[in-house]
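Number of protein chains: 2
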Amino acid sequence: MKFILKWFKSRSSNEDGTFYSTLKDILGFKPKDIDIYHIAFTHRSMGKYDEEGNPISFERLEFLGDAILSSVISAYLYKEMPTKNEGYLTQMRSKIVSRNTLNDIGLQIGLKNLIKSKIPDKQFSPTLLGDSIESLLGAIYLDRGYPYAEKFVMTKIVETYVDLDKLENKISSYKSFIIEYCQKARKEVSFIMSEDKSHSKNNLFSIKLVIDGTTISKGRATSKKKAEEQAAKRAYYSIQSKIKKKK
Amino acid sequence: MKFILKWFKSRSSNEDGTFYSTLKDILGFKPKDIDIYHIAFTHRSMGKYDEEGNPISFERLEFLGDAILSSVISAYLYKEMPTKNEGYLTQMRSKIVSRNTLNDIGLQIGLKNLIKSKIPDKQFSPTLLGDSIESLLGAIYLDRGYPYAEKFVMTKIVETYVDLDKLENKISSYKSFIIEYCQKARKEVSFIMSEDKSHSKNNLFSIKLVIDGTTISKGRATSKKKAEEQAAKRAYYSIQSKIKKKK
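Note that the protein sequences, when read in sequence, are chains A and B. Residue numbers for the first sequence follow numbering that gives the first Met the number 0, so the first one is 0 and each next one is one higher. Residue numbers for the second sequence follow numbering that gives the first Met the number 0, so the first one is 0 and each next one is one higher.
And the structure:
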């Protein structure tokens, strides 16, 4: 830990002052152990290591914060939706803590200015903002305990950005939707990788979505998961439009 | 909630007294809101519903307790293993909160006597014991707050039953082990469903584990997942014995 302190202290007091005041505004309370917040916003690309050779980066705090976020959101949903079953609560929780939702919230809270990385601006991934919410939560927990972390989630995330009514109608995974739809309708569904250019320069995956032997849609993207989701989204809209026509 | 109270109050005060004192011994503190603990141990098979037609059962509390358990264990591992990365912490957490571990702990804590179900003894699944730890934790959280839930996990579960050294060497999923092993050794691995009797009376799944085109082992079980795990376990032992022979 000595090395971490030394490294943090080597930065100018001006820089420290800005970090502290920006952080205080975001938190809504005074941080005590500022070093842990520095770690929460330090990306691996900074190439910093402690004396034992362990990288100094936000990822361990992200692991911790992810679990605390899930716990706070679970308690919130349990109380807020007293008549919904555990399956429904699980779905709602997934929607709230989804990467997309967290990335948006991280951007709006203004975490970008706090992140220390050597990633060029062009390559900056919004995922880093969602990750930072979680590592920040881990830091709050270690600095001030569970009640502070809980209060931060409730006031800064849930009350400001979470709209349960909207989320209830949101589809978080088109693939899951299509699989459930087919199970209910007793149709056979499969996602078939029709072409795999994963070893070429372009790294493209192509997926055919086949329902009861008929190809319904195709998806192509840089990962298998994304290509499946694209194919499923297209199938979703084609099913929706057929339902509308029948009405 | 009125109906729940009525139903709980209709039971004899003797029965209530036993439940209360057994529970108090297990918890190590006096429960305040006893009704929430009754729900934590009520299985769906009791066929109880509240006035709005929602089943009274432990499952919503299990959803809540599961998240709280994960949060407490994450903080414990974060502090206990300061040099391990987030991937390692995630693996260790999975081992601690695995169904098998929780079922064992539930049995040893003595939760079986508290569970109210209409499942015949022969069909009693140990999974219910693991589920009950989680629903109990959800109840503790609602009754007395996070610090009590945390203390319960630490004293009654972690300090009594969790041996990190042992867990570090434990393989929680043979399938994951085999996949990782093949990735490192640059071998191609596939799990092939060679026979699917899922529609017959016996409901059996057969899985062939093929590495670099050669069938290494087979597994057969009542679910695809179990059959894969069985095949992977057999492959694991066959790989281990080959390594020993080479030495």
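Every residue, glycine too, gets a C-beta built ideally from N, C-alpha and C. Keep in mind it's a predicted model, so treat the numbers as computed, not measured.
Can you find the residues in the same chain that come closer than 8 Å, C-beta to C-beta, to residue i, ignoring five residues on each side of it along the sequence?
i: residue 73 of chain B; result: 88 and 92
i: residue 181 of chain B; result: 187, 188 and 210
i: residue 221 of chain B; result: 202, 203 and 204
i: residue 69 of chain A; result: 92 and 96
i: residue 142 of chain B; result: 30, 31, 32, 35 and 36
Using alpha carbons as the reference points, say which of the options lies closest to residue i.
i: residue 52 of chain A; options: B:26, B:83 and B:44; result: B:83
i: residue 102 of chain B; options: B:139, B:130 and B:119; result: B:130
i: residue 224 of chain B; options: B:237, B:212, B:213 and B:208; result: B:208
i: residue 218 of chain B; options: B:147, B:109, B:54 and B:203; result: B:203
i: residue 18 of chain B; options: B:27, B:152 and B:36; result: B:36
i: residue 108 of chain B; options: B:239, B:140, B:95 and B:27; result: B:27
i: residue 170 of chain A; options: A:16, A:85, A:228 and A:54; result: A:228
i: residue 98 of chain A; options: A:81, A:172, A:146 and A:183; result: A:172
i: residue 191 of chain B; options: B:183, B:15, B:185 and B:206; result: B:206
i: residue 167 of chain B; options: B:48, B:59, B:33 and B:86; result: B:86
i: residue 81 of chain A; options: B:100, B:71, B:59 and B:137; result: B:59
i: residue 126 of chain B; options: B:104, B:236 and B:239; result: B:104
i: residue 158 of chain B; options: B:79, B:57, B:15 and B:16; result: B:79
i: residue 100 of chain A; options: A:118, A:226, A:163 and A:119; result: A:163
Take residue i and list the residues in its own chain whose beta-carbon comes closer than 6 Å to its own, dropping the five residues that flank it on each side.
i: residue 177 of chain B; result: 231 and 234
i: residue 140 of chain A; result: 67 and 148
i: residue 137 of chain A; result: 60, 63 and 64
i: residue 71 of chain B; result: 149 and 152
i: residue 247 of chain A; result: Chain A is shown from 0 up to 246; residue 247 of chain A falls before or after that span and cannot be answered.
i: residue 90 of chain A; result: none
i: residue 146 of chain B; result: none
i: residue 135 of chain A; result: 39
i: residue 118 of chain B; result: 44
How would you call residue i, buried or exposed, if buried means at least 16 neighbouring beta carbons within 10 angstroms?
i: residue 106 of chain A; result: exposed
i: residue 144 of chain B; result: exposed
i: residue 277 of chain A; result: Lying outside 0 to 246, the shown extent of chain A, residue 277 of chain A is not represented and no answer is given.
i: residue 179 of chain A; result: exposed
i: residue 75 of chain A; result: buried
i: residue 123 of chain B; result: exposed
i: residue 154 of chain A; result: exposed
i: residue 184 of chain A; result: exposed
i: residue 240 of chain B; result: exposed
i: residue 174 of chain A; result: buried
i: residue 213 of chain B; result: exposed
Excluding the 5 residues preceding and the 5 following residue i in the sequence, name in chain order all residues of the same chain whose CB lies nearer than 7 Å to its CB.
i: residue 65 of chain A; result: 133
i: residue 115 of chain B; result: 40, 41, 42 and 45
i: residue 113 of chain A; result: 18, 21, 22 and 40
i: residue 77 of chain B; result: 88
i: residue 55 of chain B; result: 3, 38, 41, 47, 48 and 49
i: residue 161 of chain B; result: 95
i: residue 216 of chain B; result: 208, 230, 233, 234 and 237
i: residue 25 of chain B; result: 108 and 109
i: residue 322 of chain A; result: This structure leaves residue 322 of chain A out entirely; chain A is present only between 0 and 246.
i: residue 156 of chain A; result: 104
i: residue 226 of chain A; result: 204, 205, 206, 218, 219 and 220
Can you tell me which residues form a DSSP beta bridge with residue i?
i: residue 189 of chain A; result: A:209
i: residue 219 of chain B; result: B:205
i: residue 146 of chain B; result: Partner(s): none; residue 146 of chain B has no beta bridge.
i: residue 140 of chain B; result: In DSSP, residue 140 of chain B forms no bridge with anything.
i: residue 115 of chain B; result: B:41
i: residue 48 of chain B; result: B:54
i: residue 214 of chain B; result: B:209
Regarding residue i and the ligand ATP, is the C-beta to nearest heavy atom distance less than 8 Å?
i: residue 183 of chain A; result: Of ligands this structure carries none, so the ligand ATP is not represented either.
Would you give the residue range spanned by the alpha helix (DSSP H) that residue i belongs to?
i: residue 74 of chain A; result: 58-79
i: residue 110 of chain A; result: Looking at the DSSP string, residue 110 of chain A is not in any alpha helix (DSSP H), and its letter there is neither H nor E.
i: residue 37 of chain A; result: 33-39
i: residue 92 of chain A; result: 85-95
i: residue 164 of chain B; result: 163-167
i: residue 123 of chain A; result: That residue, residue 123 of chain A, is in no alpha helix (DSSP H); it is neither H nor E in DSSP.
i: residue 171 of chain B; result: Counting along the chain, residue 171 of chain B falls outside any alpha helix (DSSP H), and DSSP gives it neither H nor E.
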